[in-house]
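Participant: Would you mind keeping the following structure in view while I ask a few things?
2 protein chains.
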Amino acid sequence: MTAPVAQARLLRAARGERVDRTPVWFMRQAGRYLPEYRAIRERHSLLEICERPALAAEVTLQPVRRLGVDGAILFADILLPLVPMGLRLEFAKGEGPVIHNPVRTEEGVGRLVAVDVRDALGPVLETVRLVRRDLDPAIPLLGFAGAPFTLACYAVEGGGSRDFLETKRLMLGAPRVFDALLARFATVVGDYLAGQVEAGADAVQVFDTWAGVLSPADYRRHVLPHSRRLFERLSTLGVPRIHFGVGTTTLLEAMREAGGEVIGLDWRIPLDEGWARVGADRAVQGNLDPAALFAPLPELKARVRDVLGRAGGRPGHIFNLGHGILPGTPVENVRAVVDLVHDLSG
Amino acid sequence: MTAPVAQARLLRAARGERVDRTPVWFMRQAGRYLPEYRAIRERHSLLEICERPALAAEVTLQPVRRLGVDGAILFADILLPLVPMGLRLEFAKGEGPVIHNPVRTEEGVGRLVAVDVRDALGPVLETVRLVRRDLDPAIPLLGFAGAPFTLACYAVEGGGSRDFLETKRLMLGAPRVFDALLARFATVVGDYLAGQVEAGADAVQVFDTWAGVLSPADYRRHVLPHSRRLFERLSTLGVPRIHFGVGTTTLLEAMREAGGEVIGLDWRIPLDEGWARVGADRAVQGNLDPAALFAPLPELKARVRDVLGRAGGRPGHIFNLGHGILPGTPVENVRAVVDLVHDLSG
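Chains V and C, in that order, are what the protein sequence lines are. Quick note: the first sequence uses the working numbering, first residue 1, plus one each step. Quick note: the second sequence uses the working numbering, first residue 1001, plus one each step.
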């Protein structure tokens, strides 16, 4: 007998199967725009929440309860695997992540600790188990991790960046070192996501958030081989794989080659045009501009209709934003999008 | 008799005419990567240089002397027109521009001062005159300004931004106010560029640097009409118009519609694919990744060859980066690109 979750809309759509209604969830649906999340963040830091499975599970479940979305996504941070590898990560107030010992040399790559990430990130895997236990059995739980390139961006820059110049310098000036770094991350992320699936995740999303800073030629030469190796490994886990990035219009064909049953589309490309680049034999996820959630309701609804119209009712569309929910987003608008997607596609 | 400058490579290429060698210049070719610029910046702030024509002219001429580029570009900042309009602009150390009184309401737009920008920005126009007097008569001088949308981004956000959320909120929530703001900027920028051409600029570049944060639908609805009005006004000036943005792959057709003999291409789209989107009847400018200037010389040369190869010797290509030269760029690499472009296309 198949577990009921395997027939959930989100997983059916990810496999390109027909669904009763278009599934919808939101990147960063657990986060600062939710008052119940802010209440927990008043007492605990981001890293504390990630390290305490009961808290992280509660935060994961909050948006499922409030919004009626078709999936839960594990609450964690893509940078967590860097910590046991020896990178000193801090979330500085208002500045985003800071890594105090960025990796920019062969020696730096050599110093990365070879960890058993399933051991080192035990609390995250325990969170997966707790959520899977407490979540409606019919609703899928998504695991996730950063892609090798995007993790390398943070590890090399020592935090966020506008130009990603240090990352590109390493890529261009010391391609073998860059290659070794991405290979390390590909292995760790593969182990980590395998652990999440073993712990109960029903699908996985790989965030290659910053891939869009690269030209297609650089992506193909320096990034694609590592992402492909990761996706090949994930294919043995038996769950749908979502491959996400922003600003990736010219990379979509290459990201498809790297792997994933579902390819993310940001708002810069109309969904139909993006799906044509991805290919009709894959599913797509997206692609409302997160800023649209701040629009007056009639305008917001028109945009939801437009996205659904461009999907044209073809099987294989998961409704989502083109990037994460922004702080300050009106919760009632997020809820309205869930209802509207379900109503219009029913 | 035609002035010799009208037959300069850069202007011929901008008009889609055959050239002896591909013209090359660099956005931010006057800037922090040049020691002679840093020497001046040690004694003067950015705004001081802009306000003193002799200094600004000297800084404009520095890269022409050192690099052998095919054009000079006026040294100024795209935010200068905001100052006489009443916005309190400051360049905070290491933070980029800060506007202390951002415009986010109808009242804010109403408070903008109706200035005669040619009077208020007299020092900039005097700089144009000084440069045109001292520059090799065969080398064109490019004037420039920010596009209405990109100026609005800074005015609304109060500086740079990652998500441009305040700008989009205004655009979506109060489209008439947003419209009025862009209309104001379109008028001011038109006057300003007309003044630059009267003072001696041989071509103009309109920087719509942040247009790429918008979906094509939002660009067409909220931005294109203002950019088109600006470009129509500029068409009366009798000089080539360059229309630039980054991350604009899906906007290229709409930017072409808005106007410009030359459309900028960033490095995210291969030059041939970008030119196909722009259309063969327009010229293109680009499209090396600024980070490529940090690569070892053989790698850098391979990338220059690739860009020229994709241009395929067709008339109407101006070699440039996809965005401005980054601080810390090795000057000898910039010089090497100029020589290589000239050698390979000769």
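The beta carbon of each residue, even a glycine, is placed where N, CA and C say it ideally should be.
What are the start and end residues of the beta strand (DSSP E) that includes residue 1287 (chain C)?
Facilitator: Position 287 of the second sequence, counted from the first residue, corresponds to residue 1287 (chain C). Its beta strand (DSSP E) spans residues 1283-1288.
Participant: The alpha helix (DSSP H) with residue 333 (chain V) in it runs from where to where?
Facilitator: Mapped onto the first sequence, residue 333 (chain V) falls at position 333. Start and end: 331-345.
Participant: Just reading off the alpha helix (DSSP H) that residue 75 (chain V) is part of, what are its end residues?
Facilitator: The residue you call residue 75 (chain V) lines up with position 75 of the first sequence. Looking at the DSSP string, residue 75 (chain V) is not in any alpha helix (DSSP H), and its letter there is neither H nor E.
Participant: What would DSSP say about residue 1398 (chain C), mapped onto helix, strand or coil?
Facilitator: An answer regarding residue 1398 (chain C) cannot be provided, because it is not within the stretch 1001 to 1346 covered by chain C.
Participant: Name the residue from V:341, V:129, V:148 whose alpha carbon lies nearest to the alpha carbon of residue 312 (chain V).
Facilitator: Locating residue 312 (chain V) in the first sequence gives position 312, counting from the first residue. Residue 312 (chain V) has its Cα closest to that of V:341, out of V:341, V:129, V:148.
Participant: How would you label residue 1279 (chain C), buried or exposed, when you count the other beta carbons within 10 angstroms and need 16 or more for buried?
Facilitator: Walking along the second sequence from the start, residue 1279 (chain C) turns up at place 279. Label assigned to residue 1279 (chain C): exposed.
Participant: Give the single residue among C:1083, C:1118, C:1129 whose Cα lies nearest to the Cα of residue 1111 (chain C).
Facilitator: Counting from 1 along the second sequence, the entry for residue 1111 (chain C) is found at position 111. The candidate whose alpha carbon is nearest that of residue 1111 (chain C) is C:1083.
Participant: Any beta carbon from chain C within less than 8 Å of residue 90 (chain V)'s own beta carbon?
Facilitator: Translated into the one-based positions of the first sequence, residue 90 (chain V) becomes position 90. Chain C, which has no Cβ nearer than 8 Å to the Cβ of residue 90 (chain V), makes this no.
Participant: Going by C-alpha distance, which of V:88, V:245, V:271, V:266 is nearest residue 259 (chain V)?
Facilitator: By 1-based counting over the first sequence, the position of residue 259 (chain V) is 259. Closest by alpha carbon: V:245.
Participant: Which residues share a DSSP beta bridge with residue 1319 (chain C)?
Facilitator: Within the second sequence, residue 1319 (chain C) is the residue found at index 319, counting from 1. Paired residues: C:1024, C:1286.
Participant: Output needed for residue 138 (chain V): all residues of its chain with C-beta closer than 7 Å, excluding positions within five of it in sequence on either side, in chain order.
Facilitator: Your numbering for residue 138 (chain V) matches position 138 in the first sequence. 4, 5, 8, listed in sequence order.
Participant: Which runs of the alpha helix (DSSP H), 4 residues or longer, sit entirely within the region 87-169 of chain V?
Facilitator: Entirely contained in the region 87-169 of chain V, the alpha helix (DSSP H) runs reaching 4 residues are, in chain order, 106-111, 117-120, 122-134, 148-157.
Participant: Please go through the same chain and pick out, in chain order, the residues whose beta-carbon is closer than 8 Å to the beta-carbon of residue 51 (chain V), but skip the five residues on each side of it.
Facilitator: The residue you call residue 51 (chain V) lines up with position 51 of the first sequence. The residues are 123.
Participant: Suppose the cutoff is 8 Å on Cβ atoms and the five residues either side in sequence are ignored; what does the same chain contact list for residue 85 (chain V) look like?
Facilitator: Along the first sequence, one-based indexing puts residue 85 (chain V) at 85. Around residue 85 (chain V): 112, 113, 115, 184, 188.
Participant: The beta strand (DSSP E) spanning residue 1203 (chain C) covers which residue range?
Facilitator: Working through the second sequence from its first residue, we reach residue 1203 (chain C) at position 203. Counting along the chain, the beta strand (DSSP E) containing residue 1203 (chain C) begins and ends at 1203-1207.
Participant: When the Cα atoms are used, what is the spatial distance from residue 274 (chain V) to residue 317 (chain V)?
Facilitator: In the first sequence, the residue the question calls residue 274 (chain V) occupies position 274. In the first sequence, the residue the question calls residue 317 (chain V) occupies position 317. About 12 Å.
Participant: Kindly list the residues whose CB is nearer than 7 Å to the CB of residue 1270 (chain C), restricted to its own chain and excluding five residues on each side of it in sequence; keep chain order.
Facilitator: As a first step, residue 1270 (chain C) is located in the second sequence; it is residue number 270 there, counting from the start. 1310, listed in sequence order.
Participant: Return the chain-ordered list of same chain residues with a C-beta closer than 7 Å to the C-beta of residue 254 (chain V), the five sequence neighbours on each side being excluded.
Facilitator: Here residue 254 (chain V) is taken as the residue at index 254 of the first sequence, counted from 1. Excluding positions up to five away in sequence, the list reads 216, 219, 220, 224.
Participant: Contact criterion: CB-CB distance below 8 Å. Does residue 301 (chain V) meet it with respect to chain C?
Facilitator: For this step, residue 301 (chain V) is matched to residue 301 along the first sequence. It does not: the Cβ of residue 301 (chain V) has no partner Cβ on chain C nearer than 8 Å.
Participant: I want to verify the contact list: residues of chain V whose CB lies under 8 Å from the CB of residue 1250 (chain C), in sequence order.
Facilitator: Taking the first residue of the second sequence as position 1, residue 1250 (chain C) is located at position 250. Ordered by position in chain V, the residues that pass the 8 Å Cβ test against residue 1250 (chain C) are 249, 268, 269, 270, 273.
Participant: Any chance the region 190-208 of chain V sits against the region 228-243 of chain V, with 3 or more Cβ pairs inside 8 Å?
Facilitator: Touching, per the Cβ criterion.
Participant: Measure from the alpha carbon of residue 209 (chain V) to the alpha carbon of each residue in V:57, V:63, V:153, V:327, then state which is nearest.
Facilitator: Stepping through the first sequence from its first residue, residue 209 (chain V) is reached at position 209. Closest option to residue 209 (chain V), Cα to Cα, is V:153.
Participant: Just verifying my parser: in three-state terms, what is the DSSP assignment at residue 1001 (chain C)?
Facilitator: Residue 1001 (chain C) sits at position 1 when you count from the first residue of the second sequence. Caution is warranted here: a pLDDT of 43 is assigned to residue 1001 (chain C), below 50, making its placement in the model unreliable, and the coordinate value is therefore given only provisionally. Coil.
Participant: Could you round the C-beta distance between residue 1328 (chain C) and residue 1037 (chain C) to whole angstroms and report it? I think they count as a contact, below 8 Å.
Facilitator: In the second sequence, counting from the first residue as 1, residue 1328 (chain C) sits at position 328. In the second sequence, counting from the first residue as 1, residue 1037 (chain C) sits at position 37. Not a contact, Cβ separation roughly 13 Å.
Participant: Give the residues of chain C in contact with residue 216 (chain V), contact being defined as C-beta atoms less than 7 Å apart.
Facilitator: As a position in the first sequence, residue 216 (chain V) is number 216, starting the count at 1. Going along chain C in sequence order, the residues near residue 216 (chain V) (Cβ under 7 Å) are 1270.
Participant: Classify residue 190 (chain V) as helix, strand or coil using the three-state DSSP reduction.
Facilitator: The sequence position of residue 190 (chain V) within the first sequence is 190, counting from 1. Three-state DSSP puts residue 190 (chain V) in a helix.
Participant: To which residues of the same chain is residue 1030 (chain C) closer than 8 Å at the C-beta, ignoring the five residues directly before and after it?
Facilitator: Within the second sequence, numbered from 1, the residue matching residue 1030 (chain C) stands at position 30. Cβ neighbours of residue 1030 (chain C) beyond the five flanking positions: 1037, 1059, 1060, 1062, 1063, 1073, 1075.
Participant: Taking contact to mean at least 3 C-beta pairs separated by less than 8 Å, is the region 1173-1180 of chain C in contact with the region 329-340 of chain V?
Facilitator: Too few Cβ pairs lie closer than 8 Å, so no.
Participant: Counting pairs of beta carbons, one from the region 97-110 of chain V and one from the region 141-159 of chain V, are three or more of them closer than 8 Å?
Facilitator: Contact holds: three or more Cβ-Cβ distances are below 8 Å.
Participant: Just list the beta strand (DSSP E) runs in the region 1005-1063 of chain C, keeping only unbroken ones of 3 residues or longer that don't cross its boundaries, in chain order.
Facilitator: None, since the region 1005-1063 of chain C contains no complete beta strand (DSSP E) of that length.
Participant: Leaving out five residues before and five after residue 346 (chain V) in sequence, what residues of the same chain have Cβ atoms less than 6 Å from its Cβ?
Facilitator: Within the first sequence, residue 346 (chain V) is the residue found at index 346, counting from 1. Correct list, in chain order: 21.
Participant: Going by beta carbon distance, what residues of the same chain come within less than 8 Å of residue 1232 (chain C), once the five residues before and after it are set aside?
Facilitator: What you label residue 1232 (chain C) is simply residue 232 of the second sequence in a count that begins at 1. Hits under 8 Å: 1259.
Participant: What are the residues that DSSP puts in a beta bridge with residue 1263 (chain C)?
Facilitator: The residue you call residue 1263 (chain C) lines up with position 263 of the second sequence. BP columns for residue 1263 (chain C) point to C:1243, C:1284.
Participant: Using a Cβ-Cβ cutoff of less than 8 Å, which residues in the same chain neighbour residue 1001 (chain C) once the five nearest sequence positions on both sides are dropped?
Facilitator: Taking the first residue of the second sequence as position 1, residue 1001 (chain C) is located at position 1. With a pLDDT of only 43 at residue 1001 (chain C), under 50, the local geometry of the prediction cannot be trusted, and the value read off the model is given with reservation. So no residue of the chain qualifies.
Participant: Going by C-alpha distance, which of V:57, V:168, V:143, V:150 is nearest residue 127 (chain V)?
Facilitator: For the purposes of this step, residue 127 (chain V) is identified with residue 127 of the first sequence, where counting begins at 1. Selected option, being the one with the closest Cα: V:57.
Participant: Check each residue of the region 1003-1027 of chain C: if its Cβ is closer than 9 Å to any Cβ of chain V, include it; give the result in chain order.
Facilitator: So the list is empty, because no residue satisfies the distance condition.
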